[in-house]
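Asks:
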Amino acid sequence: MSLRGTDAYRDGDVLPALVRRAVAVSRAHGFAYSCRPEQGRLLQVLAAGAAHRIAETGTGCGVGLAWLASGAPSGARLISVERDPERARAAADIFRDDDRVEVVQGDWRRIEEQGPYDLLVLDGGGQGKGDGAADPARLLAAGGTVVIDDFTPATTWPPRFGGAPDLPRLHWLEHPALKATQLRLAPDLAVIVGTRLPAG
60 MSLRGTDAYR DGDVLPALVR RAVAVSRAHG FAYSCRPEQG RLLQVLAAGA
110 AHRIAETGTG CGVGLAWLAS GAPSGARLIS VERDPERARA AADIFRDDDR
160 VEVVQGDWRR IEEQGPYDLL VLDGGGQGKG DGAADPARLL AAGGTVVIDD
210 FTPATTWPPR FGGAPDLPRL HWLEHPALKA TQLRLAPDLA VIVGTRLPAG
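Just add 59 to wherever you are in the sequence shown, counting from 1, and you've got my numbering.
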């Protein structure tokens, strides 16, 4: 979820067909917080390497999921969880002809039902991002990737947010089950990408 994310898409942008459709649905529903194009391109690339299962929390109206589906291999299964029933229905309609994709309405913890995942995208709106409940050792397959989106790029160490230590960011960057780093996608946008380390 990105502030003004839907507005980041312009009419002349070259986008995958599913992404164009999801952006149009987001606009029709007045949903302003779609995955930004910078994030979407990263998700598309990462999805290409996820052979079996991909999950996302915070579907919104399906823009991030459309980027994932556009990059995912034909044999991969994608599940996305959205807590708002109307948005979940709108997103599910976008993917009605793609039997790889399932949109589930409910709390983000519903992703636990079908894991572990090769790729897990945690929504920046707080759905599993900052409360420590999304356990990568349980939700990711060995070698799997987690993406936690919508951070402002950190410029200090330790990172700070609002004058205090940025505990959600530190949680992921220092998680013992992950090798993680921050990627700056734009001057005002960063994500954390982590790979689950082998158990040992």
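Here a beta-carbon is modelled for each residue, glycine too, at the ideal position from N, C-alpha and C.
In this text, all values refer to a predicted model and were calculated from it rather than measured experimentally.
Closest to Ala249 by CA distance: which of Pro218, Arg255, His88 is it?
Replies: On the sequence shown, residue 249 is found 190 positions in, with the first residue counted as 1. Looking at the Cα atoms, Pro218 is the closest of the given residues.
Asks: Determine the contact status of Asp177 and Gly203, defining contact as a CB-CB distance below 8 Å.
Replies: Here residue 177 refers to the residue found at position 118 when the sequence shown is read from its first residue. Here residue 203 refers to the residue found at position 144 when the sequence shown is read from its first residue. Yes, Cβ-Cβ distance for Asp177 and Gly203 is below 8 Å.
Asks: Where does the unbroken beta strand (DSSP E) through Gly203 begin, and where does it stop?
Replies: Indexing the sequence shown from 1 puts residue 203 at position 144. Segment 199-210, the beta strand (DSSP E) holding Gly203.
Asks: Which of the three DSSP states, helix, strand or coil, is assigned to Ser139?
Replies: As a first step, residue 139 must be located in the sequence shown, where it is residue number 80. DSSP places Ser139 in strand when its eight states are reduced to three.
Asks: Go ahead and pull the three-state DSSP assignment for Asp177.
Replies: On the sequence shown, position 118 is the one that residue 177 refers to. In this structure, Asp177 counts as strand in the three-state DSSP scheme.
Asks: So Glu115 and Ser133 are supposed to be a Cβ contact under 8 Å. How far apart are they, rounded?
Replies: Position 56 of the sequence shown, counting from 1, holds the residue named residue 115. Position 74 of the sequence shown, counting from 1, holds the residue named residue 133. With a Cβ gap of about 18 Å, Glu115 and Ser133 do not count as contacting.
Asks: Within this structure, are the beta carbons of Ala128 and Leu137 separated by less than 8 Å?
Replies: For the purposes of this step, residue 128 is taken as the residue at position 69 of the sequence shown. For the purposes of this step, residue 137 is taken as the residue at position 78 of the sequence shown. Yes, Cβ-Cβ distance for Ala128 and Leu137 is below 8 Å.
Asks: Quick one: what's got a C-beta closer than 8 Å to Ala107's C-beta in the same chain, skipping five residues either side?
Replies: Here residue 107 corresponds to residue number 48 of the sequence shown, with the count starting at 1. For Ala107, where only same-chain residues beyond five positions count, the Cβ hits under 8 Å are Gly130, Ala131, Pro132.
Asks: Checking 8 Å against the spacing of the C-beta atoms, do Ala192 and Gln164 come in under that value?
Replies: Taking the first residue of the sequence shown as position 1, residue 192 is located at position 133. Taking the first residue of the sequence shown as position 1, residue 164 is located at position 105. For Ala192 and Gln164, no; Cβs fall outside 8 Å.
Asks: Might you give, ordered along the chain, the residues of its own chain that have their beta carbon closer than 8 Å to the beta carbon of Leu102, omitting 5 neighbours on each side?
Replies: Counted from its first residue, the sequence shown places residue 102 at position 43. For Leu102, where only same-chain residues beyond five positions count, the Cβ hits under 8 Å are Cys94, Gly123, Trp126, Leu127, Gly130, Val180, Val206.
Asks: Relative to the C-alpha of Arg243, which candidate in Ser85, Val252, Pro235 has its C-alpha closest?
Replies: As a first step, residue 243 must be located in the sequence shown, where it is residue number 184. The residue with the shortest Cα to Cα distance from Arg243 is Val252.
Asks: Output the distance between the C-alpha atoms of Ile263 and Arg197, rounded to the nearest integer angstrom.
Replies: It is not possible to answer for residue 263, since the shown part of the chain is limited to 60 through 259.
Asks: Give the range of the alpha helix (DSSP H) segment to which Ala125 is assigned.
Replies: Translated into positions along the sequence shown, residue 125 becomes position 66. Counting along the chain, the alpha helix (DSSP H) containing Ala125 begins and ends at 122-130.
Asks: Excluding five sequence neighbours on each side, which residues of the same chain lie with their C-beta closer than 7 Å to the C-beta of Leu256?
Replies: The residue labelled residue 256 in the question sits at position 197 within the sequence shown. Counting only Cβ-Cβ distances below 7 Å, and skipping sequence neighbours, we find Ala236, Leu237, Lys238.
Asks: Among residues of its own chain, excluding the 5 on either side of Arg63, which ones have a beta-carbon nearer than 7 Å to its beta-carbon?
Replies: Reading the sequence shown from its first residue, position 4 is the one you call residue 63. Closer than 7 Å at the Cβ level, and outside the excluded window around Arg63, lie Ala91.
Asks: Can you give me the C-alpha to C-alpha distance between Gly222 and Asp156, rounded to a whole angstrom?
Replies: Taking the sequence shown and counting its residues from 1, the one referred to as residue 222 is at position 163. Taking the sequence shown and counting its residues from 1, the one referred to as residue 156 is at position 97. In a straight line, the C-alpha of Gly222 is about 47 Å away from that of Asp156.
Asks: By the three-class DSSP mapping on this structure, what secondary structure does Ala114 have?
Replies: For the purposes of this step, residue 114 is taken as the residue at position 55 of the sequence shown. Note: Ala114 maps to strand in three-state DSSP.
Asks: DSSP on Pro235, reduced to helix/strand/coil?
Replies: Residue mapping note: residue 235 aligns to position 176 of the sequence shown, counting from 1. Three-state result, Pro235: coil.
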